Every structure is written in structure tokens, then in C-alpha cells.
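Take a look at the structure set out below.
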Amino acid sequence: MRSALKLALLIALLVFCSLPAYAAETEAKQSTVKTDDFDAAFDDDFDDFDDEFSDSPRPLISDPLEGWNRGVFWVNDKFYFYLAKPIVRVYRVVPRPVRTSVGNFFSNLATPVRAVNALLQLKIKDTGTELGRFLVNTTVGLAGFFDPAKSELGWEKKQEDFGQTLGYYGVGTGWYLVLPVFGPSSVRDGVGLVGDYFVVDPLSYADLTDAEYFGIKSFEYVNSLSLDPDTYEGIKRDALDPYLFIRAAYVQHRLAKINK
Amino acid sequence: MKERFVLMKRVVFLLFVCCLFFSTSAWAASGPTAEIEKVVDSVMKVLNRTDLDYAAKREKVSGMVQKFINIDSISQRTLGVHWKRASPEQQDRFSWLFVQILENIYLNRIEDYSGGTVDYLSERVKGDKAIVDTVFVSEKVEIPVQYKMVQQQGVWQIYDVVIENVSLVRNYRSSYGSIVSSEGLEGLFAKLESKLAEPAGSGKKE
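Those protein sequences? They're chains A and B, same order as listed.
Quick note: the first sequence uses our numbering, first residue 1, plus one each step.
Quick note: the second sequence uses our numbering, first residue 1001, plus one each step.
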């Protein structure tokens, strides 16, 4: 099963390599130069003020697979409400501090993903922060169940992943993609996700059967969902078309992360 | 003659200082951050009351936020290119519907915002526009919220809210733009109306 997924990574990479030319064009405008200069940062935040009345407003992302994506979105919706949510509802009898600690544990375990990607983006200080956090939280934080690195030392977690690394090197977002279970993604970030999961994630090297591996991943998923303040329900309730809303939010969120 | 001239100069200088003083103090009282503080404080005061239930809070907060929003600007920017193509009646209709939608969204979030505090991080002003960075902190979450404001007739009003790097206006422009492209403005209005007709959230959450 996992080897099948690694094969999927290869295929995705092939598809992916044929796309950057297109994607680079749509994103050229957004990859503005990073600068601490006040005016530049200010203008950057206002970059769309006059742009939005132009006759051909650039779309946030290209979505030629919309029909397919909406299908996966529908399946994910059912999966969420009829399988994941009932489990989460029961699981929430576990006190919140315990669930937070479990979340910390998994997050600590995933340190290599963040550290490697910070390093790949030559963010040396962030790489150091991640490694420092790992050392402190694994020891003083009792195997990562607690986060003294943040609460005592103020070392914030640096959210980095392979999708951001690719973006950092100028790889465009590519088409919008809704992944089963994982939800909103893009061709680039989908490839990044597979890379993080099966190349860097230490759990993929652990000597586990497929059943054990997916069991652990499912537990991690349920735990993180139990900590989420029902974001999806909120979006479904508020948005005219949740698919469009999530698509726009996802793209903006990723762009901001990459430009950080 | 010379003495008179010196006196004149002094008076002019004094007037100038007075003007400066009054204008800056007036500016400070209604600066961008002060405006945000006003709306946030008034809303938070209601939300953090423990003697009110969800429905009561909802009723009290309703209408509080509207006057701090630049409704024209936010509606125009949300429809973007479709605004220019719409008739004045359609523009008015959209603004009217959209304000209600925004208020509903805000009211639906009341439960999430109860019991939290807001920290003001920074204020950047350039000409008639300003950005105020804040962070909402509660037991469960820490959400960066950025307010983009525009000054018209001396009043600072919000024209966009950026939550965790996601701009509300950009999001709605993208979503509504797709709907208008496939179903036209009337299609969008129909969807907005049916959304507004849905029963309000129960406020029951974890």
C-alpha cells in the first residue's frame, strides 16, 4: 500500500513537471520581492486595491478539474459528517489538555519535516529553532507531550513543508486539487504532501505493518480534528458555495506562507 | 511698524501651533486603531458577559458592527469588475444583501469569540489608507486579524478584514465572481437571499 503511494508520488511528479510553465505565469505577479522596507510591505498589503476593478481580474488559481474536484469535495464532505465527526464526537470525552498533549506529541514527531524544509529554503535560523524545539520538548517536554520550548523559551513552531519549499524556489501552484481526506491542495502542494509523508516523515521508516501505520495516522487525524473548533461546519453554514470559499481561502493561505 | 510685524508673526505662530495641536488630537481620537478599539471593545463587552445566553448576545451585537464598515467600498470591491457592469439598482440590492450576509457571518462566530481578548500589535497609515494588526487570543486559539481601513470625510472605516492571511474581500470576490460568471447577478442575489432565509446558527459547538 505504501509502495503504491510512493509510485503515485512519481506519477504526480511527472505530471507536475509539465505544469510549472503555466503556473509560473499566473503567479509571476505574486512572488514579490521580500523586503523589510515599510513602504514596500505596505504597498504589498494593498497590492490589490486598484487591481480588482481591472477588466480581467486574475483568478486566484486555475481549476480546470473543477468537476472532478467537486466530486472529491462531495465525498470528503460525507466522509467528514458520517465517519470522522461521529468518531471525533465520542473522542472528545477525553479532556482537552490530554488531546492537546497528544497533538504536541505528533507535532514533535514531525519535526524532521519542518526542519528539513526550513533547511532546504536556507532558513538557517528556523532550522535551528526546530532542532532546538525538538531537543527541549523531547527531553524536558517528556517525549514531546508538552511544549516547554514555546511556553518557557518562546520558541515558536515554524510551519514548513515541501510544498512551501517548492514555492520558495519559484514553482507555481499549478492546478487546484482536492485530495481525498486531506482536502484542499494543489498539484504542487499535493506533491509536497506525498514527499513529506513518505520521504521525510520518520513514521514512514518505522517498522510498522500497513495496518499499524494507517491506524496511527488515523488516530493523529481524529485527535487533530477534535482540537479544531468545527471550522468546516462554520464555512458550510456561512458560505454560498463552500467549495469556492475553501478554494479561495486555501490559495491565499498558502501564498502568504510561501512569501513569509 | 517693526514691533507690529513681530507681534503678527507671534500670533500667526500661535495660531499655527493651536491648529496643529487640535488637528493632531482630533486625529488621535479617531485614528484607525482607535476606531477598531471602539468597535472591538463594544462588541467584546457584550460577548464576555456571562449573564447573557447566545441569543441575547446575538441580539445585542447585531447592528453594532455595521457603522464601522465602509459598506460602499466593501461591496464595490467584493463585486469588483461586476460592480461596474451592474445597474445602480443592482448595486444597491447587492450592498443591502451583502451587509446582512456579513453581519450573519459575524454573529455566527459569536460563540468562538466569547471569552477572548484582542491585542493591538501595530498601526500603519499611508495617506487615506491604514492597516491595523491585531491578534485575537482565547484559551483555544490565537488568530491574527488585520483590519484594512480607508478614510473618507475624516472617518476611518473598515474595508477589508484579513484573518490568518485570508482576505475576506478577496475570498468573496473570488467566490461570488465564479457564481456571477455562471449564473449572472440575479443568480447571485437568489443565492444570497436563500442563505439569509436559513435559520440562524444555534451556537451549539464544542
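C-beta: ideal position from N, C-alpha, C; glycine also.
No experiment lies behind these values; they were computed from the predicted model shown.
Whole angstroms is fine: what's the gap from residue i's alpha carbon to residue j's?
{"i": "Val191/A", "j": "Glu1059/B", "result": "47 Å"}
{"i": "Val72/A", "j": "Thr139/A", "result": "42 Å"}
{"i": "Gln252/A", "j": "Ser62/A", "result": "13 Å"}
{"i": "Glu1123/B", "j": "Arg247/A", "result": "30 Å"}
{"i": "Gln121/A", "j": "Leu60/A", "result": "24 Å"}
{"i": "Asp1112/B", "j": "Leu203/A", "result": "34 Å"}
{"i": "Met1044/B", "j": "Val171/A", "result": "43 Å"}
{"i": "Ala1055/B", "j": "Tyr1106/B", "result": "14 Å"}
{"i": "Leu65/A", "j": "Asp189/A", "result": "16 Å"}
{"i": "Phe1098/B", "j": "Asn1108/B", "result": "15 Å"}
{"i": "Thr209/A", "j": "Gly215/A", "result": "10 Å"}
{"i": "Lys257/A", "j": "Val1166/B", "result": "11 Å"}
{"i": "Pro242/A", "j": "Tyr91/A", "result": "26 Å"}
{"i": "Trp74/A", "j": "Val1125/B", "result": "44 Å"}
{"i": "Phe105/A", "j": "Gly154/A", "result": "18 Å"}
{"i": "Tyr250/A", "j": "Ile1074/B", "result": "21 Å"}
{"i": "Ala1130/B", "j": "Thr1050/B", "result": "34 Å"}
{"i": "Glu1186/B", "j": "Val222/A", "result": "41 Å"}
{"i": "Asp1133/B", "j": "Asp207/A", "result": "47 Å"}
{"i": "Ser1178/B", "j": "Leu244/A", "result": "8 Å"}
{"i": "Ser1087/B", "j": "Val1180/B", "result": "14 Å"}
{"i": "Val93/A", "j": "Gly1154/B", "result": "53 Å"}
{"i": "Leu109/A", "j": "Arg254/A", "result": "23 Å"}
{"i": "Val88/A", "j": "Asn76/A", "result": "15 Å"}
Residues of chain B with CB closer than 9 Å to the CB of residue i, please, in chain order.
{"i": "Ala118/A", "result": "Ordered by position in chain B, no residue passes the 9 Å Cβ test against Ala118/A, which lies about 19 Å from the chain."}
{"i": "Phe245/A", "result": "Asn1171, Tyr1172, Ser1174, Ser1175"}
{"i": "Gly300/A", "result": "Missing from the structure shown is residue 300/A; chain A here goes from 1 to 260 and no further."}
Residues of chain B with CB closer than 7 Å to the CB of residue i, please, in chain order.
{"i": "Pro97/A", "result": "Correct list: empty, because the minimum Cβ distance to chain B is about 11 Å."}
{"i": "Asp161/A", "result": "Residues of chain B passing the Cβ test: none, with the nearest at roughly 16 Å."}
{"i": "Ala110/A", "result": "The contacting residues do not exist; Ala110/A stays about 20 Å from chain B at best."}
Could you name the residues of chain A that residue i contacts, counting a contact when the two beta carbons are closer than 7 Å?
{"i": "Val1166/B", "result": "Ala249, Gln252, His253"}
At least one CB of chain A closer than 8 Å to the CB of residue i: is that the case?
{"i": "Ile1105/B", "result": "yes"}
{"i": "Lys1191/B", "result": "yes"}
{"i": "Asn945/B", "result": "The structure shown does not extend to residue 945/B, since chain B is modelled only from 1001 to 1206, so the question has no answer here."}
{"i": "Lys1195/B", "result": "yes"}
{"i": "Asn1048/B", "result": "no"}
{"i": "Ile1179/B", "result": "yes"}
{"i": "Pro1199/B", "result": "no"}
{"i": "Ser1095/B", "result": "no"}
Quick check: is the beta carbon of residue i nearer than 8 Å to any beta carbon in chain B?
{"i": "Phe79/A", "result": "no"}
{"i": "Asp189/A", "result": "no"}
{"i": "Ala84/A", "result": "no"}
{"i": "Asp147/A", "result": "no"}
{"i": "Leu60/A", "result": "yes"}
{"i": "Gly234/A", "result": "yes"}
{"i": "Ala211/A", "result": "no"}
{"i": "Ala115/A", "result": "no"}
So, for residue i: in the same chain, excluding its five sequence neighbours on each side, which residues have a beta-carbon less than 7 Å away from its beta-carbon?
{"i": "Val200/A", "result": "Pro112, Val113, Val116"}
{"i": "Tyr80/A", "result": "Tyr232"}
{"i": "Gln1157/B", "result": "Phe1068, Ile1069, Asn1070, Met1149, Val1150"}
{"i": "Ile1101/B", "result": "Leu1192, Lys1195, Leu1196"}
{"i": "Ser18/A", "result": "Per-residue confidence for Ser18/A stands at a pLDDT of 44, beneath the threshold of 50, marking its modelled position as unreliable; the derived number appears in the next sentence. Nothing meets the Cβ criterion."}
{"i": "Ile1163/B", "result": "Ile1143, Val1145"}
In its own chain, which residues sit with a C-beta less than 6 Å from the C-beta of residue i, not counting the 5 before and 5 after it?
{"i": "Phe1136/B", "result": "Gly1116, Val1118, Ile1143, Val1145"}
{"i": "Glu160/A", "result": "Arg114, Asn117, Ala118"}
{"i": "Trp1083/B", "result": "Gln1076"}
{"i": "Glu25/A", "result": "Because the pLDDT of Glu25/A is 39, which lies under 50, any placement of that residue in the model is unreliable, and the number read from its coordinates should be weighed accordingly. If we look at Glu25/A and ignore the five residues flanking it on each side, it has no Cβ neighbours."}
{"i": "Ala239/A", "result": "Phe245"}
List, in chain order, every chain A residue whose beta-carbon is nearer than 9 Å to that of residue i.
{"i": "Asn1070/B", "result": "In chain order: nothing, as chain A lies at least about 13 Å away."}
Within 10 angstroms of the Cβ of residue i, are there 16 or more other Cβ atoms? Answer buried if so, exposed if not.
{"i": "Ala68/A", "result": "For clarity, residue 68/A is Trp in the given sequence; the question names Ala instead. So Trp68/A counts as exposed."}
{"i": "Trp175/A", "result": "buried"}
{"i": "Thr1033/B", "result": "buried"}
{"i": "Ile124/A", "result": "exposed"}
{"i": "Leu83/A", "result": "exposed"}
{"i": "Leu135/A", "result": "exposed"}
{"i": "Gln164/A", "result": "buried"}
{"i": "Leu1121/B", "result": "exposed"}
{"i": "Phe219/A", "result": "exposed"}
{"i": "Asp1092/B", "result": "exposed"}
{"i": "Leu166/A", "result": "buried"}
Just the chain B side, please: which residues come within less than 8 Å of residue i by C-beta, in chain order?
{"i": "Ala143/A", "result": "Neighbours of Ala143/A on chain B: none; closest Cβ ~24 Å, over 8 Å."}
{"i": "Ala239/A", "result": "Ser1175"}
{"i": "Ala206/A", "result": "The premise fails here: Ala206/A is roughly 31 Å from chain B at the closest Cβ pair, so nothing lies under 8 Å."}
For residue i, which residues of its own chain have a beta-carbon under 8 Å away from its beta-carbon, when the five flanking residues on both sides are left out?
{"i": "Asp1062/B", "result": "The sequence as given places Ser at residue 1062/B; Asp does not occur at that position. Cβ within range, chain order: Glu1103, Leu1107."}
{"i": "Met1064/B", "result": "Val1039, Ser1042, Val1043, Val1046"}
{"i": "Leu227/A", "result": "Arg96, Arg99, Thr100, Gly103"}
{"i": "Glu1037/B", "result": "Tyr1120"}
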